[in-house]
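Read the structure below first, then the notes.
Here it is as structure tokens:
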């Protein structure tokens with residue numbers, strides 16, 4: 004009997020579903036893409052419905068369902084934590100515990116009640132540990148027969164960081180760091196303190212860090228204070244947090260604001276406050292410390308496993324700056340990072356564990372470059388779906404019968420400074436748009452970053468944009484020795500691309516520095532002359548590769564700007580209707596869906612859409 008296995012993550016953030024068949028990934032998607040609620044934690048009804056439809060099956064055809072963590076152990080951790088810190092945390096205790104007693108203590112029943120909406124069949128449910136699910140998502144789709152495993156996030160049940168080793172179909176966890184001591188939670192504390200939202204704004208903190216003054220006495224002081232008062236970091240990368248400065252264990256916020264204010268001399272920044280140099284320096288301080296810890300952990304993983312290969316998952320594995328620094332150490336011959344490294348990827352890892360560990364199946368097929376299919380695991384839409392949008396909005400369009408004609412037209416528009424929404428094929432799994440649900444621009448254009456931030460994404464102007472580069476041209480622009488298909492490495496732009504900066508550059512205000520020309524690809528060159536790169540292989544995403552290659556034919560540059568197709572606070576678009584509405588709500592110039600091109604100047608305004616900015620909560 005052929006085996007379908009369904010993996011689920013839910014109830015914390017980024018709920019998702021993943022379906023595998025005989026060890027092969029069939030489909031995977033986050034619930035947020037369907038509900039249009041960013042980081043949606045609810046049970047993934049629509050994601051499950053989608054992955055089943057992709058395989059043309061019902062839940063009756065699924066042999067086993069695997070949930071990505073152990074709720075009872077998580078409840079045990081909550082109880083022990085409240086007991087350890089009592090009487091602190093009473094308000095939090097009175098808020099959280101009744102919900103657990105009412106609902107989550109009967110977690111299996113709650114899951115079965117949700118699954119009854121799909122089938123009356125009683126399907127076996129497995130509950131692997133949270134970090135084991137992360138580890139599985141990192142190793143099993145990787146191109147390695149064996150590897151060291153490093154998983155770093157906020158917290159699962161008890162574990163916050165694990166080091167493991169995997170070979171063939173087996174995974175062994177070697178070392179664990181336990182709550183409340185967590186690199187992920189430490190980073191999230193600084194995310195909160197610098198005015199960004201926890202569990203969604205960590206990448207903003209990472210993007211802000213390069214604006215810190217690396218030569219300043221304040222940065223040195225901040226790092227000294229962090230290492231003296233907040234965290235004790237050991238040589239093996241393990242750490243101990245000084246919990247008198249943190250409230251996340253028992254409270255409803257990350258830090259003890261009074262103590263942090265006294266410690267750093269600056270109050271917590273609210274979203275409305277300007278981002279002053281102090282907050283930039285705080286961001287740089289914690290980013291540098293995070294990089295140091297990640298490298299120490301990787302060194303320990305190397306020492307314990309002696310493997311040439313490393314795989315990574317967990318939320319901290321999305322810190323692409325730290326990943327880039329780790330890559331440069333050459334500790335490992337090969338590094339592979341799960342593109343859906345956060346909780347969404349836990350659904351995939353849980354499914355893999357059911358196949359390889361619970362069923363004991365052999366891992367006989369190793370795909371190259373990996374088994375993720377470029378992370379293009381979400382839904383695809385037909386021409387019929389696009390035409391439905393045309394009729395709904397009475398949209399004006401041009402149709403190109405030949406795809407080569409379409410790419411030639413699109414490349415020309417990009418080269419002339421236009422911003423283009425690009426909607427093709429299957430939707431990406433994970434937090435990054437990789438060329439199927441993307442907004443594109445000319446990396447050579449010095450005004451492109453400002454335009455895309457302020458008029459397209461409606462977000463903070465300091466935020467950098469990522470380049471997409473033809474894999475064969477990667478060494479023409481960036482200092483990297485391997486492909487980077489998932490936008491998970493921040494790498495220096497080559498010196499030959501850089502432009503000499505003014506002598507007073509470091510003393511300029513934030514936005515003066517931001518808009519100073521730094522390279523011949525200024526739209527993707529960050530303030531520290533780095534870039535978060537994505538390389539595109541012809542065989543992985545031919546349509547996107549074809550577009551960039553056409554742009555190269557026209558301009559001589561095999562690199563363009565790629566950002567996710569959404570506005571601030573909105574999940575990445577899923578369906579043609581989502582894409583068209585996002586296109587119309589922004590100052591995007593063109594939208595390409597399939598072989599259809601929509602020119603903004605030719606469209607009529609959306610009806611009854613004046614308050615659309617209230618639809619998405621800004622993050």
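Residue numbers (this note's numbering): 4 to 622.
Using N, Cα and C, we set each Cβ at its ideal position, and we do this for glycine too.
This structure is a prediction, so every number in the text was calculated from the model and none was measured.
Asked: Alpha helix (DSSP H) segment containing residue 71, residue limits; Found: No alpha helix (DSSP H) holds residue 71; DSSP gives it neither H nor E.
Asked: Identity of the residues DSSP links to residue 596 by a beta bridge; Found: 426, 599
Asked: At least 3 beta-carbon pairs within less than 8 Å: the stretch 328 to 343 vs the stretch 371 to 383; Found: yes
Asked: Where residue 604 falls: helix, strand or coil (DSSP); Found: helix
Asked: Reference residue 499; option with closest CA among 491, 521, 492, 506; Found: 521
Asked: Touching by the beta-carbon criterion (3+ pairs, under 8 Å), the stretch 470 to 486 and the stretch 561 to 578; Found: yes
Asked: Spatial distance of residue 9 from residue 124 (CA atoms); Found: 14 Å
Asked: Distance, residue 293 Cα to residue 330 Cα; Found: 15 Å
Asked: Of the listed residues 547, 574, 193, nearest to residue 289 (C-alpha basis); Found: 193
Asked: Beta-carbon contacts of residue 322 that lie in its chain and below 7 Å, excluding the five residues immediately before and after; Found: 209, 293
Asked: Length of the line joining the Cα atoms of residue 86 and residue 446; Found: Reliability of the predicted coordinates at residue 86 is poor, the pLDDT of 46 falling under 50, and the value obtained from them is presented with this limitation in mind. Answer to the nearest angstrom: the Cα atoms are 54 Å apart.
Asked: At least 3 beta-carbon pairs within less than 8 Å: the stretch 591 to 606 vs the stretch 395 to 409; Found: yes
Asked: Nonlocal neighbours in the same chain, by C-beta distance under 6 Å from residue 138, ignoring five residues either side; Found: 152, 154, 167, 174
Asked: From 551, 508, 479, residue whose alpha carbon lies closest to that of residue 530; Found: 508
Asked: Which residues DSSP lists as bridging residue 258, in chain order; Found: 249
Asked: Contact between the stretch 528 to 547 and the stretch 385 to 393 (3+ Cβ pairs under 8 Å); Found: no
Asked: Rounded separation between residue 291 and residue 34 - CA only; Found: 33 Å
Asked: DSSP beta-bridge partners of residue 492; Found: 536
Asked: Cβ-based burial, residue 47 [other Cβ within 10 Å; buried from 16]; Found: buried
Asked: At least three beta-carbon pairs within less than 8 Å, the stretch 237 to 252 to the stretch 185 to 201; Found: yes
Asked: Candidates 257, 201, 265, 207: closest to residue 228 by CA position; Found: 265
Asked: Residue 574 (DSSP reduced to helix, strand or coil); Found: coil
Asked: With 16 other Cβ atoms within 10 Å as the buried cut-off, status of residue 3; Found: Nothing can be reported for residue 3: it is not among the residues displayed for the chain, which extend from 4 to 622.
Asked: Three-state secondary structure (DSSP) of residue 141; Found: helix
Asked: Three-way DSSP call (helix, strand, coil) for residue 1 in this model; Found: Within the shown structure, residues of the chain are numbered from 4 to 622, placing residue 1 beyond reach of any answer.
Asked: Beta-carbon gap between residue 300 and residue 140 smaller than 8 Å; Found: no
Asked: Rounded Cβ spacing between residue 606 and residue 587 (contact assumed at less than 8 Å); Found: 6 Å
Asked: Option nearest residue 63 by Cα separation, candidates 122, 232, 443; Found: 122
Asked: Contact set for residue 519: own chain, Cβ-Cβ below 8 Å, skip 5 residues either direction; Found: 504, 505, 508, 511
Asked: Local Cβ density within 10 Å of residue 315, reported as buried at 16 or more and exposed below that; Found: buried
Asked: Contact under 8 Å by Cβ, residue 432 with residue 381; Found: yes
Asked: Exposure label - residue 452; buried when at least 16 CB within 10 Å; Found: buried
Asked: Cβ-based neighbour list, residue 36, same chain, cut-off 6 Å, excluding 5 preceding and 5 following; Found: 574, 577
Asked: Closest Cα partner of residue 456 within the set 464, 450, 449; Found: 464
Asked: Residue of 366, 494, 579, 590 minimising C-alpha distance to residue 326; Found: 494
Asked: Residue environment, residue 559, which counts as buried when at least 16 other CB atoms sit within 10 Å; Found: exposed
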